[in-house]
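Just so we're aligned: the sequence shown equals residues -19 to -1, 1 to 970 in mature numbering (1 follows the signal peptide of the UniProt record, and there is no 0).
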Amino acid sequence: MKYLSIFTLFVALFCAVHGQYRGTVRLVRSGVFSSTYTAGIVQIYYFTSSSSTNRWGNICDDTSFASTEASVICNQLGYDGASFYGRAGSTTSYGTDTAATALNDVNCANSNYLTLQQCNLSTVIKPSCISDNEDLYVSCQTTRIWDSPDFSGQIRLQGGTYSSYGRLEVYCNGEWGTVCADSFGPTGARTACRQLGYSDYSTYNTNVPGSSSQHTWFENLACNSSSNCLGTCESCPTTQISFCGTGSRDVALGCEFDSSYATSNNTPSTCEYAGSRRPDRGTVRLFRNGVFSSSYSAGIVEIYYAGSSYRSYWGNICDDSSFGYSEANVICHQLGYNGVSTYGRAGSTTSYGTDTTSTTVDDVDCASSSYLTLEQCTLSIIIKSSCISNSEDAYVSCYTTRIWNNPYPGQIRLQGGTYSSYGRLEVYCNGQWGTVCDDSFGSADARAACRQLGYSDYSTYTGNLAGSSSQPIWLDNVICSSSSYSCLATCESCPATQYHNCGHSQDVALGCEFDSTYTTSSNSLSTCQYADPSSSGFGVPLSGALILARNGVYSSSFTSGRVVVYGIGSSTSSSLFWGNVCRRTSFSLNAAHVICHQLTFSGASTWSYSGIDSNLFGVDTNRTLLDDVSCSNSGYLMLFQCTVSTSISLFCTDADDISVTCYTTRIWSSPYTGQLRLTSGNYTNEGLIEVYCNGAWGTVCDNTFSATAARIVCRQLGYNSYYRYNTLPIVGDTPQSIWYNSLSCSSSDTCLSSCQSCPSSSSTTCVHAEDVTIVCYSLSTSSSTTVTTSTCQTTSSSDSGGLSGGAIAGIVIGVIVFIGLVMFFSGSAQKKKKERQRAALAAAAAQATVELTNAQVVPAPNLPTHQTAPEPLPTTNQEPPPSYAGAAAVTQEVKEYNDEKSPYPPPGPIPEPSAPSFAPPPPFAPYPPTNTGYPPDPAYPPTGGYYPPNPYPTPYPTVSGYPPATYPAAPPPDTRPDPPPYTEASAPY
């Protein structure tokens, strides 16, 4: 009896040291066990139906066993799911295990379970399971379940022989640390084991000390008997415990299956802390030299993914033949960046180290580079043998500008989460990002928001990620009437002001994921721009739009800055994002003039590039969209009227990005009769149509306005065609005249003045609620219009009731020429008579000039009126703005005669501006760049800002923009059908 007691104690000590407790699993090959095996025949330490004594036995691979059960076994072993499983008799890789079968009929409801105790199983072995050929084998993923910790408070057991025993470690503050044994008791031990998927503990001691360099995170844990997560007993501290010794007091824990305690239902995500949660399926992140950071804009791509039957885990994407620019661009979009700069194979660079994670996704193929997530692309989880090597892992380097830096009303983003798929839901309204209140917010609303972001479904819409107290709360009581909506703005429009009864503690936190049970979202960057009926596309850039940027801030009030162009193509084009213009090859002052014209300024004083003016305007890391820019005519109105190339030279870098300095005078500062302009839009390609008649700017009534007229308006402004008209909530000022109300246009017209002459008075049959608004664009870089600043001057009809300035100038010149001829043929007369005649003729000419000048005068189209003070020029050291309309030259004799009498400047051809000057504008102390969203990346500093303009004052010359918009209280609805977008194929000329 004495020896039996000693033997029993020895067995107990052996089991306590080695972690051989009820429910422990291990893998064997040819009868040999190793804790390093990731594949082998499965053994479980368990009792049978005929004996309560635990022993090692096999699990039968019967009809109930499938990938779900295999994944749970691998989870229990500490691996990140299973890759294969099967019958031992079907392979010779693992030999024959002669141990008796211990379990059959294993059935797990969830592949995310952590142990087999959470599944149904039987110890009554069927006859069909007795053969060793029926023993189960599994092959697990080589990555550990804790290799990339998912949340603060995650725990693991380390240093034991089996996965059920080891030193208790907890993940806090980005580092694994230990738990001090002081005051650690049964409830703490049971809580930790239940977090790991076991029902109870078998032992806790201090027999597996940690490294002296490890932090000790927890001490004096106080758990109650119902706790299932160690984090409910104590939260992660900000600093380590400093008075628990150096490893000798570390808790070691053994866990087991115990039917006397309730089975744990924990999964890996059960114990996540709010705001630091397990990633959602489809989440992507970037990895460098073994470290993940949400601030990285470049690195090896990892995706949290698996097929529908497998538990998701972190893995790589293979850079195979299908992986290219479109796929890399979509990854950057999903990460919240504006696009990809470079991409490639990890084996081709040493910048990011080697990622030993298994390859998860292969054959990625995206039909559009403007997609928002990889779920919108086709991909495969069947990995080709050529993709197994870590050198084939895909890496990307994204532009550091955020995808939301130039937002549209109703655009949304997720902020404050660890990954881009989860965060506080924010919406852009009235020029500011704000939050969404959780009142009435439900599953249909969450799904609509996630689909707007490119995901198929949501994972959660609760959490604790309150916004700043200074943020507005824009949306409350959002109700989406259908779960098929793909834009949140379809459910709730931006309000004019905040109207809610919420606090920021009620801000919605949203998680989005890939879910094959729901239809994949087809959203792109521009899909939801027009979803909000109240915005109707207001403030949306379209193909060919220009704006100036300084240190990442975009503003229509800037007169100098880095030139940024938006997209090229239709709303479904793959290149609809902001990009730069390269200076290489042919860029000149002519092109700078055209850019300034498109920005509605009278011309350019100088141009430069990032390599020499980055201290003024910063470095814009957007991709280059245009190269080889050559403008044959400095009077063009839109950049796409010039010769440009979208094939970018390899020599074009961020240092070659163009900047311009425009005159502060507007292109319409000295208007001509029939001149057009667009006002009150966010971009120069949109706004209220205004026409210059009778010395004043007025509007156009929509009574006779048509698609043909809309196309002519945009072509007169230099664009190919229009996108929409009568969709912007802008009307003219009450005192403004309404000039055009009877347009009759032909498709061959180039100027709107060909459709109707300026009337003598304002229309009395229209009101400003009927004013026409328009959005213009150019779908391609081959513009079909050659309109310049002076094209429509000669086609303008004279105003009724008076002579135009051009007619007056012609009459004056005719009189002067007549005087010269009379003088020529009177040469034989006496000198006194000649002098008397000349004096008489001069007096007659002067009298004619006075009479004509006193008539109703409209300033000459190419000459500033002498009756009003000229607009002051910029005070900076710039050239005077060029004039683009020249009068006909007169003979030298007439010029000499008229020098002292003409009220106009000397006529003659306008001199070409001087050669390009690369001297930058006066320096200034740049204001702090703004960056929203994720933390900044020290190695890749973001330059992103936001729109509208930065509130910091700058010494640059700025202008007040366009005349302010006036919004009607209740404009009448436009019942006419919206014209289809213009295409080159449908162009009538």
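We put the CB at the ideal spot given by N, CA and C, even for glycine.
Do you know how far the Cα of residue j is from the Cα of residue i?
{"i": "P190", "j": "G397", "result": "37 Å"}
{"i": "Y318", "j": "R10", "result": "48 Å"}
{"i": "A375", "j": "S302", "result": "11 Å"}
{"i": "E419", "j": "N458", "result": "Here residue 419 turns out to be Asp, not Glu, going by the sequence shown. The straight-line gap from Cα to Cα measures roughly 7 Å."}
{"i": "Q1", "j": "S145", "result": "8 Å"}
{"i": "N603", "j": "T382", "result": "7 Å"}
{"i": "R148", "j": "E373", "result": "36 Å"}
{"i": "V534", "j": "R564", "result": "21 Å"}
{"i": "S895", "j": "T587", "result": "Low local confidence applies: a pLDDT of 37 at S895 is under 50, so the model's placement there is unreliable, with the coordinate-based value given in what follows. Distance between the alpha carbons of S895 and T587 is about 10 Å."}
{"i": "G662", "j": "S626", "result": "28 Å"}
{"i": "V53", "j": "C100", "result": "9 Å"}
{"i": "I362", "j": "E356", "result": "13 Å"}
{"i": "Q176", "j": "G412", "result": "46 Å"}
{"i": "F486", "j": "W414", "result": "As written in the sequence, residue 486 is Ser, which differs from the Phe given in the question. So the alpha carbons of these two residues sit roughly 17 Å apart."}
{"i": "R230", "j": "T184", "result": "15 Å"}
{"i": "S112", "j": "P249", "result": "35 Å"}
{"i": "N205", "j": "T335", "result": "44 Å"}
{"i": "C757", "j": "I364", "result": "47 Å"}
{"i": "S275", "j": "T399", "result": "6 Å"}
I'd like to confirm the pairing. Which residues does DSSP put opposite residue i in its beta bridges?
{"i": "D488", "result": "C418"}
{"i": "residue 973", "result": "In the structure displayed, the chain extends from -19 to 970; residue 973 sits before or after that span and is not available."}
{"i": "Q24", "result": "R7, N39"}
{"i": "W157", "result": "Y152"}
{"i": "F132", "result": "According to DSSP, which records beta bridges pairwise, F132 is partnered with nothing at all."}
{"i": "D116", "result": "C41"}
{"i": "W295", "result": "Y285"}
{"i": "E407", "result": "R394, T416"}
{"i": "N186", "result": "A233"}
{"i": "V321", "result": "C379"}
So residue i is in the alpha helix (DSSP H); what residue range does that whole segment cover?
{"i": "C55", "result": "48 to 57"}
{"i": "Q433", "result": "424 to 433"}
{"i": "Q579", "result": "570 to 579"}
With distances taken between CB atoms, is the gap from residue i to residue j smaller than 9 Å?
{"i": "L506", "j": "S307", "result": "no"}
{"i": "G320", "j": "Y242", "result": "no"}
{"i": "T197", "j": "G158", "result": "yes"}
{"i": "residue 972", "j": "Y403", "result": "Within the shown structure, residues of the chain are numbered from -19 to 970, placing residue 972 beyond reach of any answer."}
{"i": "V377", "j": "G280", "result": "yes"}
{"i": "D42", "j": "C121", "result": "no"}
{"i": "D438", "j": "E494", "result": "yes"}
{"i": "residue 972", "j": "C461", "result": "Absent from the structure is residue 972, since the part of the chain shown begins at -19 and ends at 970."}
{"i": "C623", "j": "Q697", "result": "no"}
{"i": "D601", "j": "N561", "result": "yes"}
What is the DSSP secondary structure of residue i, counted as helix, strand or coil?
{"i": "G169", "result": "helix"}
{"i": "residue 1021", "result": "Any answer about residue 1021 is impossible in this case: the structure gives the chain only from -19 up to 970."}
{"i": "G212", "result": "helix"}
{"i": "T359", "result": "strand"}
{"i": "V871", "result": "Unreliable placement is indicated for V871, whose pLDDT of 28 sits below 50; the coordinate value is still reported in the next sentence. It is coil, neither helix nor strand."}
{"i": "R692", "result": "helix"}
{"i": "F558", "result": "coil"}
{"i": "D86", "result": "strand"}
{"i": "F686", "result": "coil"}
{"i": "G592", "result": "helix"}
{"i": "A327", "result": "helix"}
{"i": "T605", "result": "strand"}
{"i": "C509", "result": "helix"}
Check whether the Cβ of residue i lies closer than 8 Å to any heavy atom of the ligand NAP, and answer yes or no.
{"i": "W157", "result": "Judged by which ligands are present, the structure shown has none, so any question about the ligand NAP falls away."}
Could you tell me the boundaries of the beta strand (DSSP E) in which residue i lies?
{"i": "I136", "result": "136 to 139"}
{"i": "E237", "result": "233 to 237"}
{"i": "N310", "result": "Run containing N310: none in the beta strand (DSSP E); it sits in the alpha helix (DSSP H), 306 to 315."}
{"i": "Y380", "result": "Looking at the DSSP string, Y380 is not in any beta strand (DSSP E), and its letter there is neither H nor E."}
{"i": "G679", "result": "677 to 681"}
{"i": "F65", "result": "63 to 68"}
{"i": "D343", "result": "340 to 346"}
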